[in-house]
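Data first, discussion second: the structure below is written as structure tokens.
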């Protein structure tokens with residue numbers, strides 16, 4: 001059995017390695033991002049030469065100036081790829097991490113924007129991820145913009161979303177027309193089922209490929225060495241997906 | 001100055017003070033937060049550097065906080081911060097949302113003693129739209145005169161509070177690589193620090209320790225509080241107590257649950273110690 005999280009992780013890993021995208025030499029992973037962290041470890045343990053900066057890893061954290069160093073590095077253009085999620089994500093790839101209703105989230109309050117309003121502009125590419133794929137999360141227009149998907153001409157911006165990976169499919173983002181297109185469907189999904197679960201309009205070709213399953217080699221890595229690397233930082237995730245408990249501290 | 005306890009440090013923080021607190025992965029002093037609750041502090045304005053976690057949630061729940069400026073409030077894998085969410089919903093606190101590098105930048109401006117610093121990004125976000133204190137101007141160095149960029153005002157907290165591994169006889173504190181605590185100590189009018197222990201000597205005379213130390217110039221007072229970061233991890237000395245935080249997250253879902261938690265975890269140990 002392939003866990004839904006494993007499928008998302010493998011899809012993220014393929015996007016990291018996409019030869020059509022700018023190279024990912026240095027990848028950073030922020031808070032509350034176990035699936036992107038797993039994808040990065042998978043890429044690295046498959047032998048690709050990438051530098052990983054995992055902000056929430058206690059041992060092996062690369063920064064000696066605190067978290068501020070991540071933003072300074074990114075400001076200089078030294079971070080190639082980042083990952084962002086959102087309580088809401090809309091069809092123009094705007095992200096809402098603040099909350100629904102009026103500012104600052106008087107409906108349902110989410111934790112907050114973290115570094116999104118900076119990182120989304122300053123990395124050449126961002127991969128969006130959100131396991132829940134429903135009209136509640138993928139909306140036509142976010143209630144509040146933590147970080148905009150596209151910017152007006154003249155506003156300095158190195159990049160925007162490359163893709164959005166959910167529990168149902170993979171979307172590509174096209175910043176020139178500020179629109180998503182369906183790239184692949186996870187097992188059991190159709191274009192219609194995805195449309196029904198998505199609050200925004202998107203483009204779809206006549207033939208949409210299936211999202212490839214993780215390979216046996218990828219699954220073995222995920223359940224073994226990737227989990228080893230993750231268990232200290234994301235004990236709940238590792239317990240839920242891989243049934244692994246961290247050693248007592 | 002070495003004080004006898006976290007409670008003595010908390011006594012130096014007046015109601016209404018602007019207090020900078022690092023997040024759960026970066027050495028907050030939960031000991032001072034609990035002491036502020038015991039002293040029944042009111043009207044505190046908290047600055048999460050750059051985000052907020054457990055210490056902020058318990059201070060809000062205990063009614064100590066009027067305002068919080070932060071880039072996020074979260075208990076990590078234990079989920080959303082329940083008392084923060086409840087207070088925001090009830091309108092009991094003012095929430096000033098920011099983004100992580102903006103908070104670092106405002107503090108770095110205070111470190112340098114300049115009135116503002118620019119930061120890329122932000123333009124087009126509702127964070128910026130809701131921050132009348134943040135300005136946009138054309139980059140004056142751009143050749144074509146365009147290139148809008150955000151200017152952020154310097155922010156000088158009244159107090160930085162955090163927890164470090166150790167202090168020395170000269171009043172320097174050592175916390176290793178978590179240098180954002182140095183930024184908030186430099187930027188604030190005073191830093192109040194709990195430590196696991198006080199050691200003889202002077203960290204600044206040892207090249208291996210100097211880089212992870214904060215000069216006593218910036219430190220107003222220190223007190224020993226063993227496991228003063230708990231339930232948060234302290235470097236390689238002790239780990240994150242996920243079970244304690246998960247238990248808190250469950251208890252703090254309701255007002256009554258939170259009150260019972262406070263009585264047990266904040267007020268009762270004091271009574272035992274006295």
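Protein chains in written order, with full-length UniProt numbering: chain A, 1 to 249; chain B, 1 to 274. Glycine residues also receive a C-beta, built at the ideal position from the N, C-alpha and C atoms.
{"Query": "Short of 8 Å in beta carbon distance, which residues of its chain neighbour residue 287 (chain B), apart from the five on each side in sequence? Order them along the chain.", "Result": "The requested residue 287 (chain B) is not part of the displayed model; chain B covers only 1 to 274."}
{"Query": "Is the beta carbon of residue 170 (chain B) less than 8 Å from the beta carbon of residue 214 (chain B)?", "Result": "no"}
{"Query": "Over the uninterrupted beta strand (DSSP E) stretch that includes residue 208 (chain A), give me the two end residues.", "Result": "That residue, residue 208 (chain A), is in no beta strand (DSSP E); it is neither H nor E in DSSP."}
{"Query": "Alpha carbon to alpha carbon, how far is residue 78 (chain B) from residue 138 (chain B)? Give it in angstroms, no decimals.", "Result": "43 Å"}
{"Query": "In three-state terms, what does DSSP make of residue 170 (chain B)?", "Result": "coil"}
{"Query": "Between which two residues does the beta strand (DSSP E) carrying residue 125 (chain A) extend?", "Result": "125–130"}
{"Query": "Just list the residues that DSSP pairs residue 159 (chain A) with in beta bridges.", "Result": "Partner(s): none; residue 159 (chain A) has no beta bridge."}
{"Query": "Taking the alpha helix (DSSP H) that residue 189 (chain B) belongs to, which residues open and close that run?", "Result": "That residue, residue 189 (chain B), is in no alpha helix (DSSP H); it is neither H nor E in DSSP."}
{"Query": "Report yes or no: is there a C-beta of chain A within less than 8 Å of the C-beta of residue 273 (chain B)?", "Result": "For residue 273 (chain B), the pLDDT reaches just 48, beneath the cut-off of 50, and the residue's location in the model is therefore unreliable, although a value from the coordinates is still provided. False, the Cβ-Cβ gap to chain A never drops below 8 Å."}
{"Query": "Which chain B residues sit within Cβ distance under 7 Å of residue 117 (chain A)?", "Result": "99, 121, 122, 125, 127"}
{"Query": "What did DSSP end up calling residue 232 (chain B) once you bin it into helix, strand or coil?", "Result": "coil"}
{"Query": "The beta strand (DSSP E) that contains residue 70 (chain B), what's its start and end?", "Result": "65–70"}
{"Query": "Would you mind reading off the limits of the alpha helix (DSSP H) that contains residue 217 (chain A)?", "Result": "216–221"}
{"Query": "Touching or not, the region 121–139 of chain B and the region 138–151 of chain A, by the rule of three or more beta carbon pairs under 8 Å?", "Result": "yes"}
{"Query": "Could you check which residue in B:148, B:154, B:156 has the C-alpha nearest to that of residue 153 (chain A)?", "Result": "B:148"}
{"Query": "Taking C-alpha atoms, which residue in B:95, B:44, B:73 lies nearest to residue 160 (chain B)?", "Result": "B:44"}
{"Query": "Could you pull the DSSP bridge partners for residue 19 (chain B) from this structure?", "Result": "B:46, B:159"}
{"Query": "Answer yes if the region 164–179 of chain B comes into contact with the region 21–29 of chain B, meaning at least three C-beta pairs across the two stretches below 8 Å, and no otherwise.", "Result": "yes"}
{"Query": "List the DSSP bridge partners of residue 29 (chain A).", "Result": "A:54"}
{"Query": "By the three-class DSSP mapping on this structure, what secondary structure does residue 125 (chain B) have?", "Result": "coil"}
{"Query": "Is it the case that the Cβ atoms of residue 73 (chain B) and residue 111 (chain A) are separated by a distance below 8 Å?", "Result": "yes"}
{"Query": "Excluding five sequence neighbours on each side, which residues of the same chain lie with their C-beta closer than 7 Å to the C-beta of residue 127 (chain B)?", "Result": "97, 98, 99"}
{"Query": "Could you name the residues that DSSP lists as bridge partners for residue 238 (chain B)?", "Result": "B:234"}
{"Query": "Could you run through the region 88–107 of chain A and flag, in chain order, every residue whose CB is less than 8 Å away from some CB of chain B?", "Result": "97, 98, 103, 104, 105, 106"}
{"Query": "Does the structure place the region 32–39 of chain B close enough to the region 42–55 of chain A that three or more beta carbon pairs sit under 8 Å?", "Result": "no"}
{"Query": "Just checking my contact of residue 114 (chain A) with residue 101 (chain B) at CB under 8 Å: how many whole Å lie between their CB atoms?", "Result": "Incorrect: roughly 10 Å between the Cβ atoms, too far for contact."}
{"Query": "Which same chain residues end up closer than 8 Å to residue 237 (chain B) when comparing Cβ atoms and leaving out the 5 residues on each side of it in sequence?", "Result": "165, 196"}
{"Query": "Excluding the 5 residues flanking residue 104 (chain A) on each side, which residues of the same chain have their C-beta closer than 6 Å to its C-beta?", "Result": "98"}
{"Query": "Going by DSSP, name the residue or residues bridged to residue 88 (chain A).", "Result": "A:96"}
{"Query": "Would you decide whether residue 268 (chain B) is buried or exposed? Buried here means 16 or more other CB atoms lie within 10 Å of its CB.", "Result": "exposed"}
{"Query": "Distance, Cα to Cα, residue 43 (chain A) vs residue 109 (chain A)?", "Result": "34 Å"}
{"Query": "Measure the CB-CB distance between residue 139 (chain A) and residue 130 (chain A) and report whether it falls below 8 Å.", "Result": "no"}
{"Query": "To the nearest angstrom, report how far apart residue 87 (chain A) and residue 200 (chain A) are at their CA atoms.", "Result": "15 Å"}
{"Query": "Let me see if you follow: with CB-CB separation under 8 Å, is residue 74 (chain B) close to chain A or not?", "Result": "yes"}
{"Query": "Work out the CA separation of residue 5 (chain A) and residue 244 (chain A) for me, nearest whole Å.", "Result": "15 Å"}
{"Query": "List the endpoints of the continuous alpha helix (DSSP H) containing residue 35 (chain A).", "Result": "34–45"}
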